[in-house]
Amino acid sequence: MDLPQFVECSQDNCRRRLRLLLLAAAAEIAADEWNGCILRRRLDWDVHKQTLLLEGQFQRCYRMKVESFEILQSFIRTALVRDELQSRRRTGTDPISPENMLQMTIAWLAGSGHQVSRCLGGTSVSAVYSVMHEVMDAIC
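When you read off a place in the sequence shown, starting at 1, and then add 85, the result is the number in the working numbering.
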């Protein structure tokens, strides 16, 4: 049975509209699922350092004296400072501090795993490796 041409066009338009509707619904669902950056708590370096010093564990954790850590930090601090405005735009939080960057790298060099450094620093896995490269470049 042959259908008139206007009926066939109507069916094609209906299918096209249905596809567009499904595509729009899928795009809306995908947009709802994206929550942006994951907010992680960063380590408060001053509190962490004081806790380790009171427990007598700083040198054991980082395999260097606190004085050596602070001297090294003073040498490379300016090379590790991040743009605060850009960090807030991108992540909604403060940038990672040079102290935390150095702490994550020194802890990793002292034998800690990258996951421990990531958790202490409050960063993603890729950020840990990026931070380690930045710190090593600043040292060299």
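Note that beta-carbon positions come from the ideal geometry of N, C-alpha and C, so glycine has one too.
Asked, Found
"Integer Cβ distance of Ile181 from Arg162, believed to fall under 8 Å", "About 13 Å; that fails the 8 Å criterion."
"Buried versus exposed, by CB contacts within 10 Å (16 or more), Arg101", "exposed"
"Reference Trp130, options Val220, Pro183 and Arg203, closest by Cα", "Pro183"
"C-alpha gap between Val151 and Thr190, whole angstroms", "15 Å"
"C-alpha gap between Ser202 and Ala164, whole angstroms", "20 Å"
"Closest residue to His218 among Gln200, Ser197, Trp193 and Gly207 (Cα-Cα distance)", "Trp193"
"Cα-Cα separation, Gln144 to Ser209", "26 Å"
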